[in-house]
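Undergrad: There's a structure below that I have some questions on.
There are 2 protein chains.
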Amino acid sequence: MMKHAYDVYSDRCPTRQVLTRIADKWALLILDLLRAGPHRFSALHRRIHGISHKVLSQTLKKLERDGLVSRTAFPTVPVTVEYALTPLGTSLTGAVSAVAHWAESNMDAVAEAQRDYDARQDSGG
Amino acid sequence: MMKHAYDVYSDRCPTRQVLTRIADKWALLILDLLRAGPHRFSALHRRIHGISHKVLSQTLKKLERDGLVSRTAFPTVPVTVEYALTPLGTSLTGAVSAVAHWAESNMDAVAEAQRDYDARQDSGG
DNA sequence: CCGTATCCGCGAGGATACTG
DNA sequence: CAGTATCCTCGCGGATACGG
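As given, the protein sequences belong to chains G and E, one line each in that order.
To convert a position in the first sequence, counted from 1, into this note's numbering, add 1092.
To convert a position in the second sequence, counted from 1, into this note's numbering, add 1092.
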């Protein structure tokens, strides 16, 4: 029973573009952050260490276009903007956060694997 | 109660490197494929449409170094090589597959969101 | 505060060819 | 079949500056 005809393994399938967008360091971190609630642009920028102004803006725009994130501007002065998850975006955050958290939870095991691997290389393994 | 001192939001934290590696289109597809069982190099190459020989090789090497994937060479002629998930790798595939599958399951909603967004741009929204 | 435009360096990654 | 090396391009993404 086919639920959909999409195939992310295919070069031509539009799902590949979507995957490219969400299989991205910055997008993952943004989506994970928004899980806790709406955030302002500057708040996201402050929390996500290392992302540039421009790339944060670009990434948010793409996520908004894909319907994962909503953007709300309040007519204050200067303008206040809030980004939040849409229901569609929320449906992805479980998986996204799991990936992000995995890195933290398994860092020790990864580091050990790297040491083993490198040692094997040194000894001509 | 802190379970670990790692913070993926920090630029300097080693988890950021790990995230960078797994938050990657090709790595996600490889890990998802290996979920079904061991695969040979050429099989992976055939299934993952659009990946180059070189990048597949590089990505596998990194995943192997991080302890997510194991590499087994059989002394046939020509040599046969099998890639498989390690237990560590298996612990990540749930989240990884969820992300990959999400793209397929929600493609229609994403496409609709894109149409809406683009229409709003055209009408000077 | 938020966003976009411009410039530009750098490295990911594709094509190709060669080794084992 | 599996893997590496070389070359080269192309666009991501950082810095900066300016507009709203």
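All C-beta atoms, glycine included, are put in the ideal place defined by N, C-alpha and C.
Could you tell me if H1131 (chain G) is buried or exposed, where buried requires 16 or more neighbouring beta carbons within 10 angstroms of its beta carbon?
TA: Looking up residue 1131 (chain G) in the first sequence gives position 39. Under this definition H1131 (chain G) is a buried residue.
Undergrad: Does the beta carbon of Y1175 (chain E) come closer than 8 Å to any beta carbon on chain G?
TA: Residue 1175 (chain E) sits at position 83 when you count from the first residue of the second sequence. No, its Cβ sits nowhere closer than 8 Å to a Cβ of chain G.
Undergrad: With a threshold of 8 Å between beta carbons, is G1159 (chain G) in contact with chain E?
TA: Looking up residue 1159 (chain G) in the first sequence gives position 67. So yes, G1159 (chain G) belongs to the interface.
Undergrad: Quick check on K1117 (chain E) - is its C-beta less than 8 Å from some C-beta in chain G?
TA: Reading the second sequence from its first residue, position 25 is the one you call residue 1117 (chain E). Yes, contact with chain G.
Undergrad: My output table needs one value for Q1162 (chain E): the three-state DSSP class, helix, strand or coil.
TA: As a first step, residue 1162 (chain E) must be located in the second sequence, where it is residue number 70. It should be pointed out that residue 1162 (chain E) corresponds to Ser in this sequence rather than to Gln. In this structure, S1162 (chain E) counts as strand in the three-state DSSP scheme.
Undergrad: Please go through the same chain and pick out, in chain order, the residues whose beta-carbon is closer than 8 Å to the beta-carbon of S1102 (chain E), but skip the five residues on each side of it.
TA: Within the second sequence, numbered from 1, the residue matching residue 1102 (chain E) stands at position 10. Only R1108 meet the Cβ criterion.
Undergrad: Thinking just about the alpha-carbon of each residue, which of E:Q1206, E:L1155, E:V1202 is nearest to the one in L1120 (chain E)?
TA: Position 28 of the second sequence, counting from 1, holds the residue named residue 1120 (chain E). Taking only the C-alpha atoms, the option nearest L1120 (chain E) is E:L1155.
Undergrad: Do the CB positions of A1115 (chain E) and D1116 (chain G) come within less than 8 Å of each other?
TA: Numbered from its first residue, the second sequence carries residue 1115 (chain E) at position 23. Numbered from its first residue, the first sequence carries residue 1116 (chain G) at position 24. Their beta carbons are under 8 Å apart, which means A1115 (chain E) touches D1116 (chain G) by this criterion.
Undergrad: Quick one: measure Cβ to Cβ for L1148 (chain G) and L1160 (chain G), integer angstroms, because I've assumed they're closer than 8 Å.
TA: Within the first sequence, the letter at position 56 stands for residue 1148 (chain G). Within the first sequence, the letter at position 68 stands for residue 1160 (chain G). No, L1148 (chain G) and L1160 (chain G) are not in contact; Cβ-Cβ is about 15 Å, not under 8 Å.
Undergrad: Mind listing, in chain order, the continuous alpha helix (DSSP H) runs of no fewer than 4 residues lying wholly within the region 1105-1130 of chain E?
TA: As far as the region 1105-1130 of chain E is concerned, its whole alpha helix (DSSP H) runs of at least 4 residues are 1106-1114, 1117-1126.
Undergrad: Between G1181 (chain E) and the rest of its own chain, which residues show a CB-CB distance below 6 Å, the 5 nearest in sequence each way excluded?
TA: Translated into the one-based positions of the second sequence, residue 1181 (chain E) becomes position 89. Excluding residues within five positions, the ones whose Cβ falls inside 6 Å are L1160, V1161.
Undergrad: Can you give the Cα-Cα distance for G1193 (chain E) and A1187 (chain E), rounded to whole angstroms?
TA: Within the second sequence, residue 1193 (chain E) is the residue found at index 101, counting from 1. Within the second sequence, residue 1187 (chain E) is the residue found at index 95, counting from 1. In the sequence as presented, Gly is not what sits at residue 1193 (chain E); that position holds His. Distance between the alpha carbons of H1193 (chain E) and A1187 (chain E): 10 Å.
Undergrad: Is any beta-carbon of chain G found at less than 8 Å from that of P1106 (chain E)?
TA: Walking along the second sequence from the start, residue 1106 (chain E) turns up at place 14. Yes - at least one Cβ of chain G is within 8 Å of the one on P1106 (chain E).
Undergrad: Can you find the residues in the same chain that come closer than 6 Å, C-beta to C-beta, to F1133 (chain G), ignoring five residues on each side of it along the sequence?
TA: On the first sequence, residue 1133 (chain G) is found 41 positions in, with the first residue counted as 1. Hits under 6 Å: V1173.
Undergrad: Here's the rule I'm using: 16 or more other beta-carbon atoms within 10 Å means buried, otherwise exposed. How should R1157 (chain G) be labelled?
TA: In the first sequence, the residue the question calls residue 1157 (chain G) occupies position 65. It is buried - the Cβ of R1157 (chain G) has at least 16 other Cβ atoms within 10 Å.
Undergrad: Where H1145 (chain E) and R1163 (chain E) are concerned, what is the direct C-alpha to C-alpha distance, given to the nearest angstrom?
TA: On the second sequence, position 53 is the one that residue 1145 (chain E) refers to. On the second sequence, position 71 is the one that residue 1163 (chain E) refers to. Their backbone Cα atoms lie some 17 Å apart in a straight line.
Undergrad: Determine the chain G residues that contact H1096 (chain E) at a beta-carbon separation under 9 Å, and present them in chain order.
TA: Position 4 of the second sequence, counting from 1, holds the residue named residue 1096 (chain E). Under the 9 Å cutoff, chain G gives E1196, S1197, M1199, D1200.
Undergrad: How would you list, in chain order, the residues of chain G whose beta-carbon sits under 7 Å from the beta-carbon of G1142 (chain E)?
TA: By 1-based counting over the second sequence, the position of residue 1142 (chain E) is 50. Those are D1103, listed as they occur along chain G.
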